[in-house]
Amino acid sequence: FSNFSYLLIVMFLPMHAIGTHYTYAKVPAGFWLADLLHLKRNHYDRVIHFAFGFLLLYPMRELL
């Protein structure tokens, strides 16, 4: 992997670890985001799904 790939992986892992620690539906940052954007539910799980595609696409491409 390149240094850039390692950087992207390191950026993704803490977000995923926070989600697994609190469970995705109860992450405090998700409630803050819901209040900020006037959402009815915690969308942290959607943020992580987007981050998975956005941050890990390049390292996966290098892997192949």
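In this text, residue positions in the sequence shown follow the numbering used here: the first is 17, and each later residue adds one. Where a beta carbon is used, it is the ideal one built from N, C-alpha and C, also for glycine. Predicted, not measured: the structure shown is a model, and the values here were computed from it.
- A contact is defined here as three or more CB-CB pairs under 8 Å, and the segment 64-79 meets this definition with respect to the segment 20-35.
- Rounded to whole angstroms, the gap between the alpha carbons of H59 and F28 is 16 Å.
- Relative to R62, the option among L79, E78, K42 whose CA is nearest is K42.
- Distances from the alpha-carbon of F20 to those of L80, L79, Y74 put Y74 closest.
- In this structure, I64 and H37 do not form a Cβ contact; the two beta carbons are roughly 12 Å apart against a cut-off of 8 Å.
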